[in-house]
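Residue numbers (my numbering), protein chains in the order written: chain A, 1 to 207; chain B, 1001 to 1207. Working notes, beginning with the structure itself.
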DNA sequence: ACAAAAAGTTGAGTCATTGCACTTATTTAT
DNA sequence: ATAAATAAGTGCAATGACTCAACTTTTTGT
């Protein structure tokens, strides 16, 4: 959930890498500030680059796309997912751990913690960002599926694990669409735990 | 599954509309041919417009984006989904109908039926198209959720129905990623029907 | 101190997509 | 039948994201 992409204890940062990181951060910060202020579409790449005092070409050496300026936390999302499965309290069922994780996991940059709400509003009100956000989660379907498979001691490509991983990540998309996000996630995991028959025991015999 | 966007029996086509439809079709056909021949990224909008002998401005009056040239069947996907739920054999459980639909539904243009394989290869090998394809399915989450809710006679916003709709559509994404598409869809629907406990009865008590 | 490697710059260029002003064909109401 | 309204289509210019190639400035390893 934190920001650092290759976190931990780098042996010796070195001046070069420090400067590079500084430029990167300057870009991300400038971008976030401008986007929050004027809206994603009303800010151009050039604006961001100028605010960080670098050329647009330099910007693209640090971030592959305009959207990526906002989401610098891909690696952390994946790590947190795998951790939620692997390092959970022994005694906690797998699905409980996943449910809790998807219910509480929030993505933000620690320095801007005050603006979490504004940040999420920005994402939800900008199609391009909303889309990128969804993909950010889905991109880790394979890693999550592998973590689940490992947890169960089954084959890496186990179809059931793949399906569960996808469904789990898809719950993220439910939060922004539904009127009651939390209730929808809960319902989704109830469905995954007990199955359609377990959740709608009455209805199905009618036909 | 067919192509016609506003199908059925239009009262009186009218010359204008016929010409418009012809131009649209010329564009879609030219695009598909060029894309299959050279690949999506190697063909520019200008190439397509010229092949159909119209200006690029005209092209964008018919299709909102380059990707949309390939997928002219949004409305049909949605209609087929709703139909699969509403008009199913009475006696067929809801989930069986959904399973069958996701297992067999194929998207293509009838005139190019020969090229279905090449068409799907094109989609799967072009990130931009793959992405657009996924969204095409997901765009209908609300409609499917409503159809399901109506079928059950519950509230339109019922969270469980919303979740089921999303999960059902997400199975489409499983087909292109997994080594054994069909098996993965089956596993996914087994999970949705019987739940995690029903599918992995043994494993969960270990912790 | 010096040469390779990496960061950054500039400037030109591609490509999708949009806006605007204008022409032409078709339809509709008279 | 015809004029006014409507919609298709065109040309052109612009914006904005992104790429490429060539060149300068650190930084670093030796």
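Don't be surprised by glycine CBs; every beta carbon is placed ideally from N, CA and C.
Applying a beta-carbon distance threshold of less than 7 Å, which residues of chain A neighbour residue 1194(B)? 195, 197
Does any residue of chain A bring its CB to less than 8 Å from the CB of residue 1000(B)? Past the boundaries of the shown model lies residue 1000(B); chain B is included only from 1001 to 1207, so the question cannot be answered.
Could you work out which residues of chain A lie near residue 1095(B), taking near to mean beta carbons separated by less than 7 Å? 196
Nearest-angstrom Cα separation, counted from residue 1032(B) out to residue 1058(B): 17 Å
Going by DSSP in three states, residue 54(A) sits in which element: helix, strand or coil? coil
Could you name the residues of the same chain whose beta carbon sits closer than 7 Å to that of residue 1069(B), not counting the 5 residues immediately before and after it, in chain order? 1027, 1028, 1031, 1048, 1063
Nearest neighbour of residue 1077(B), chosen from 1044(B), 1187(B), 1036(B), 1169(B) [CA to CA]: 1169(B)
According to DSSP, is residue 138(A) part of a helix, a strand, or is it coil? helix
Give the straight-line distance between the Cα atoms of residue 104(A) and residue 1182(B), rounded to the nearest whole angstrom. 33 Å
With 8 Å set as the bound, which would you pick, yes or no: does the beta-carbon of residue 1159(B) sit closer than that to a beta-carbon of chain A? yes
On a Cα-Cα basis, can you pick out the residue from 1155(B), 1136(B), 1166(B), 1150(B) that is closest to residue 1074(B)? 1136(B)
What residue range does the alpha helix (DSSP H) around residue 126(A) cover? First-last for residue 126(A): undefined, no H or E at that position.
If you draw a straight line from the C-alpha of residue 946(B) to the C-alpha of residue 1100(B), how long is it? Outside the modelled stretch of chain B, which goes from 1001 to 1207, sits residue 946(B), for which no answer is possible.
Exposed or buried, which one is residue 1052(B) when buried takes at least 16 other CB atoms within 10 Å? buried
Using the beta-carbon count (16 or more within 10 Å), is residue 1018(B) buried or exposed? exposed
What residue does the alpha helix (DSSP H) around residue 1176(B) start on, and which one ends it? 1159-1177
For chain B, is any of its Cβ atoms less than 8 Å away from the one on residue 64(A)? no
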